[in-house]
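J.:
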Amino acid sequence: MVAQHVQDTVTLNNGVKMPWLGLGVYKAQAGDEVEQAIRFAFEAGYRHIDTAAFYANEESVGKAVRESGLPRSEVFVTTKVWNTDQGYDQTLRAFEASLKRLGFEYVDLYLVHWPVSGKYQETWRALERIYDEKLARAIGVSNFQIHHLEDILAHSNVVPAVNQVEYHPLLTQEPLRQFCRDHGIQLEAWSPIMRGNLDIPVLQELAEKYHKTPAQIVLRWDLQNEVVTIPKSVRRERIFENADLFDFSLSDEDMQRINALNRNHRFGPDPDTF
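If you count the sequence shown from 1, position 219 lands on 219 in the UniProt record's numbering, and the numbers rise without skipping.
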């Protein structure tokens, strides 16, 4: 089911509804910058904010959500446990600290930020406890490859609801997307617009054809591939533009042309060596 509206949701494997489109706040400065970006996002209709302990802006995210006037139940908030806090007890403490900074009674989605070798299994065990205690409505992972997911699935009680990974036309990760689909794990794209590296002839051509920007073409491609997407920006016009995805759809042929751009090229770190 392809999203038709900025607030449309996908139902995760535990029945929780997650908006297809969200605002990422990586590198957004705590304080006015991130709070204002979230105000713009709410004004544009977004109801999904993605942060992390590592971003050092959880307090500002919590404040912006609380001051928005929107019921807490209407805003989907994700945060993540950082690598230096992994392991069972450390993760429980890190989660408590995140919750305190956000000023919430629960988060909607809590993710293991990276698969830290030798630790992520224990970290996942802590997330299962957090989930059992209803402090997170859903739990998942970020930057996990197929072999990491297989490891989790073999040794745990809860299937991750989400795997948030670097995903864009130059890194389509098709085997991973298929694996997640087969196991009921929702794929989510970080860095969907390739850090602005959109000067690709096919994207430029499609932007002209559909009277959209190259960024909108890529975000629409995410949605039609049934991938949740969280473009980040702090600028009002860009935040609005990134939400203006619902008055057109890409043809199957054009989807294939974008799929064919894959070069297995990462702008971020490789999860196996990070």
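Backbone N, C-alpha and C fix where the C-beta goes; we use that ideal spot for every residue, glycine too.
Please report the straight-line C-alpha distance between residue 103 and residue 113, rounded to a whole angstrom.
T.: Taking the first residue of the sequence shown as 1, we reach residue 103 at position 103. Taking the first residue of the sequence shown as 1, we reach residue 113 at position 113. Going from the Cα of residue 103 to the Cα of residue 113 covers about 21 Å.
J.: For residue 190, which of helix, strand or coil comes out of DSSP?
T.: If you number the sequence shown from 1, residue 190 lands on position 190. Strand.
J.: Under 7 Å from any heavy atom of the ligand ATP, does the C-beta of residue 135 make it?
T.: This structure simply doesn't include the ligand ATP, nor any ligand for that matter.
J.: I'd like to know if the region 209-221 and the region 235-254 are in contact, where contact means that at least 3 CB-CB pairs between them fall below 8 Å.
T.: Yes, the region 209-221 is in contact with the region 235-254.
J.: Please tell me whether residue 80 and residue 127 are closer than 8 Å, where the distance is taken between their beta carbons.
T.: Translated into the one-based positions of the sequence shown, residue 80 becomes position 80. Translated into the one-based positions of the sequence shown, residue 127 becomes position 127. A distance of 8 Å or more separates the beta carbons of residue 80 and residue 127.
J.: Whose CA, out of 95, 38, 221, 3, lies closest to the CA of residue 236?
T.: The residue labelled residue 236 in the question sits at position 236 within the sequence shown. Nearest C-alpha to residue 236 among 95, 38, 221, 3: 38.
J.: Suppose you measure from the CA of residue 116 to the CA of residue 225; what does that come to, to the nearest Å?
T.: For the purposes of this step, residue 116 is identified with residue 116 of the sequence shown, where counting begins at 1. For the purposes of this step, residue 225 is identified with residue 225 of the sequence shown, where counting begins at 1. Straight-line Cα distance between these residues: approximately 28 Å.
J.: Would a C-beta distance cut-off of 8 Å place residue 88 and residue 125 closer than the cut-off?
T.: For the purposes of this step, residue 88 is taken as the residue at position 88 of the sequence shown. For the purposes of this step, residue 125 is taken as the residue at position 125 of the sequence shown. Yes, Cβ-Cβ distance for residue 88 and residue 125 is below 8 Å.
J.: Which residues in the same chain as residue 180 place their Cβ atom closer than 6 Å to its Cβ, once the five residues preceding and following it in sequence are excluded?
T.: On the sequence shown, residue 180 is found 180 positions in, with the first residue counted as 1. Once the five neighbours on either side are set aside, the close Cβ partners of residue 180 are 163, 187.
J.: Taking the DSSP output, what are the residues bridged to residue 106?
T.: Sequence index remark: in the sequence shown, residue 106 carries index 106 (1-based). Per DSSP, none; premise fails for residue 106.
J.: Taking DSSP as the reference, what is the three-state secondary structure of residue 196?
T.: The count along the sequence shown starts at 1 and reaches residue 196 at position 196. Residue 196 falls in the helix class under three-state DSSP.
J.: Starting from residue 18, follow its DSSP beta bridges and name the residues at the other end.
T.: One-based indexing of the sequence shown puts residue 18 at position 18. For residue 18, which the question treats as bridged, DSSP gives the partners 10.
J.: Would you call the region 147-163 in contact with the region 189-205, where contact means no fewer than 3 C-beta pairs closer than 8 Å?
T.: no
J.: Please report the straight-line C-alpha distance between residue 98 and residue 53, rounded to a whole angstrom.
T.: Looking up residue 98 in the sequence shown gives position 98. Looking up residue 53 in the sequence shown gives position 53. Cα-Cα distance, rounded: 6 Å.
J.: Within the region 161-244, note down every full beta strand (DSSP E) run reaching 3 residues or more, in order along the chain.
T.: 162-166, 186-190
J.: Which residue spans inside the region 26-100 form an unbroken alpha helix (DSSP H) run of at least 4?
T.: Entirely contained in the region 26-100, the alpha helix (DSSP H) runs reaching 4 residues are, in chain order, 32-44, 58-67.
J.: Quick one: Cα of residue 119 to Cα of residue 142, how far?
T.: Here residue 119 is taken as the residue at index 119 of the sequence shown, counted from 1. Here residue 142 is taken as the residue at index 142 of the sequence shown, counted from 1. Going from the Cα of residue 119 to the Cα of residue 142 covers about 14 Å.
J.: Could you tell me how far apart the beta carbons of residue 223 and residue 20 are, in whole angstroms, since I believe they sit closer than 8 Å?
T.: Sequence index remark: in the sequence shown, residue 223 carries index 223 (1-based). Sequence index remark: in the sequence shown, residue 20 carries index 20 (1-based). Going by Cβ atoms, the distance from residue 223 to residue 20 rounds to 6 Å, so yes, they are a contact pair.
J.: Taking residue 126 as part of the alpha helix (DSSP H), name the residues at either end of that continuous run.
T.: Numbered from its first residue, the sequence shown carries residue 126 at position 126. Unbroken alpha helix (DSSP H) run through residue 126: 120-132.
J.: Under three-state DSSP, which class holds residue 261?
T.: By 1-based counting over the sequence shown, the position of residue 261 is 261. Residue 261 falls in the coil class under three-state DSSP.
J.: For residue 263, tell me which candidate among 233, 191, 203, 172 has the shortest Cα-Cα distance.
T.: For this step, residue 263 is matched to residue 263 along the sequence shown. Looking from the CA of residue 263, the closest CA among 233, 191, 203, 172 belongs to 172.
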